[in-house]
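Before any comments, here is the structure.
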Amino acid sequence: MSARALRAEGARGGTGAGGADDAVLAYRARLADLLQGPPKARARLVEEIGDGFADTVAALRGAGWETADAVRRAEREFGTPEELAPGCQRELTIAQARHTARAVALTAPLLLACWYPLRNADPARDGWLPHLAQWLALGLAGVAAVAALGAVWALGSTGRVSRWLPVPRGLPGAVGWLGTTASGAMAGSALALTLVAALATHWPLVALAGLASAACHAWVASSARACRRCARLPAPA
Amino acid sequence: MKADAVRGHLDGLLLAVLEQGPLHGYAIITAVQRRSGGALDLRTGTIYPALNRLERQGLLSSDWESIGERRRRCYQLTDAGRAALAGKRADWRAFTSAIGAVLDPATPGNATPGNAT
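Chains as they are written, first to last, in our numbering: chain A, -9 to 227; chain B, 28 to 144.
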């Protein structure tokens, strides 16, 4: 549930169980407002923490505390959203970096596959432009291949390997820029493929490759942007 | 016990309370508090990102389960988690033995680690 929906539900009085429900919804909304990352991972973390806070309030009310006092005491024991956010953000930033790295690792091989019909395209007209486009696409495919290797390394180092080797603090930012570079290569490749498609005799295949390249660019670029944004947020010392 | 001191051992504490079987987040919090007699000064909400991290590292697995009328995310140890817990226990025993031998050499059982047999 989004932060806006949580606030709206809180304003309506939650599930009708009174002030405690409102306080829990407000707590969840405050936490959701402070966090950025992959929507599914963020929603899961907010839901789990909201449930834990609700349980803490309920336990205190069960022990005889008034609702307002129980909520205050629960925030002190459990931690305020502002206190919990940096630790949560660190995990969400790593989750976003893994998301971006996965997108790069999956799409870069597709870009290499897109280059194949371009290499074999037979430009209908002679001239330097189709050949330049072919060489440009080859170079960009090389960039994407290097980015894919970097993405696989990032996935490995943020997974099980991090039991022994802590994830470097700058890694999510580096993955964000890696994704941006790969998405730039994909955009250039899409342009080159479109150009060659216009000149090639077997243009449908090349045009299809161009479309695939553009779609990959859109996916990777948005994920990389989100990753860079997360990497700029404060993390625990 | 200060929060900073606890933080360094949080992973071990979480793995240890999950040794008996799967638990959801709040049950893990109450288990840690019960076992420690409430002596650990810890913002209990901080366990949730720690559980996420342990899951990412492959030491825990988790799934949504219906408990009563509510849906809860329950965590359980993986084989790697059990191995990690055994390692943390061994490290802790070696550490307390070494520190104990220095701080309180007269107490039986606090033998110097290098001389222990």
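Even glycine gets a Cβ: it sits at the ideal position worked out from N, Cα and C.
(1) Since S93 of chain B sits in a beta bridge, which residues does DSSP pair it with?
(2) L104 of chain B to R83 of chain B, Cα distance in whole Å?
(3) Considering only C-alpha positions, which residue in the set A:V186, A:A221, A:A93, A:A91 is nearest to A127 of chain A?
(4) Among A:L189, A:R150, A:A175, A:K30, whose alpha-carbon lies nearest the alpha-carbon of A107 of chain B?
(5) Distance, Cα to Cα, D59 of chain A vs A91 of chain A?
(6) What are the start and end residues of the alpha helix (DSSP H) that includes H207 of chain A?
(7) Going by beta carbon distance, what residues of the same chain come within less than 7 Å of A221 of chain A, once the five residues before and after it are set aside?
(8) So with CB distances below 8 Å, who are the chain B contacts of G69 of chain A?
(9) For the alpha helix (DSSP H) holding G178 of chain A, just list the boundary residues, first then last.
(10) Assign Q47 of chain B to one of three DSSP states: helix, strand, or coil.
(11) Can a CB atom of chain B be found closer than 8 Å to the CB of S152 of chain A?
(12) I need the DSSP call for Q124 of chain A, collapsed to helix, strand or coil.
(13) Find the residues of chain A that neighbour G52 of chain B, judging by a C-beta separation of less than 9 Å, and give them in chain order.
(14) Can you tell me where the alpha helix (DSSP H) holding P29 of chain A begins and where it ends?
(15) Return the bridge partner residues of S88 of chain B from the DSSP annotation.
(16) By the 8 Å beta-carbon criterion, what residues does the region 96 to 113 of chain B contribute toward chain A?
(17) I'd like to know whether the C-beta of E72 of chain A is nearer than 8 Å to at least one C-beta of chain B.
On the basis of the coordinates in this document:
(1) For the purposes of this step, residue 93 of chain B is taken as residue 66 along the second sequence, with counting starting at 1. S93 of chain B pairs with B:R98.
(2) Reading the second sequence from its first residue, position 77 is the one you call residue 104 of chain B. Reading the second sequence from its first residue, position 56 is the one you call residue 83 of chain B. Cα-Cα distance, rounded: 12 Å.
(3) For the purposes of this step, residue 127 of chain A is identified with residue 137 of the first sequence, where counting begins at 1. Taking only the C-alpha atoms, the option nearest A127 of chain A is A:V186.
(4) As a position in the second sequence, residue 107 of chain B is number 80, starting the count at 1. Nearest of A:L189, A:R150, A:A175, A:K30 to A107 of chain B, Cα basis: A:R150.
(5) Counting from 1 along the first sequence, the entry for residue 59 of chain A is found at position 69. Counting from 1 along the first sequence, the entry for residue 91 of chain A is found at position 101. Each residue's Cα considered, the two are about 45 Å apart.
(6) Walking along the first sequence from the start, residue 207 of chain A turns up at place 217. Its alpha helix (DSSP H) spans residues 193 to 222.
(7) Here residue 221 of chain A is taken as the residue at index 231 of the first sequence, counted from 1. Counting only Cβ-Cβ distances below 7 Å, and skipping sequence neighbours, we find T83, P162, G163, G166.
(8) Numbered from 1 along the first sequence, position 79 holds the residue referred to as residue 69 of chain A. Simply R70, T71, G72, T73.
(9) What you label residue 178 of chain A is simply residue 188 of the first sequence in a count that begins at 1. 161 to 189 is the extent of the alpha helix (DSSP H) around G178 of chain A.
(10) Along the second sequence, one-based indexing puts residue 47 of chain B at 20. The answer is coil: DSSP assigns Q47 of chain B none of H, G, I, E or B.
(11) Against the first sequence, residue 152 of chain A aligns to sequence position 162. For S152 of chain A, the answer is yes, since a Cβ of chain B falls inside 8 Å of its Cβ.
(12) Position 134 of the first sequence, counted from the start, is the residue given in the question as residue 124 of chain A. Residue state, collapsed to three classes: helix.
(13) Translated into the one-based positions of the second sequence, residue 52 of chain B becomes position 25. Within chain A, the residues near G52 of chain B are E38, I39, D41, G42, D45.
(14) For the purposes of this step, residue 29 of chain A is taken as residue 39 along the first sequence, with counting starting at 1. Unbroken alpha helix (DSSP H) run through P29 of chain A: 29 to 52.
(15) Here residue 88 of chain B corresponds to residue number 61 of the second sequence, with the count starting at 1. S88 of chain B is bridged to B:Q103.
(16) R97, R99, R100, A107, A111
(17) As a first step, residue 72 of chain A is located in the first sequence; it is residue number 82 there, counting from the start. No, because no Cβ of chain B sits closer than 8 Å to the Cβ of E72 of chain A.
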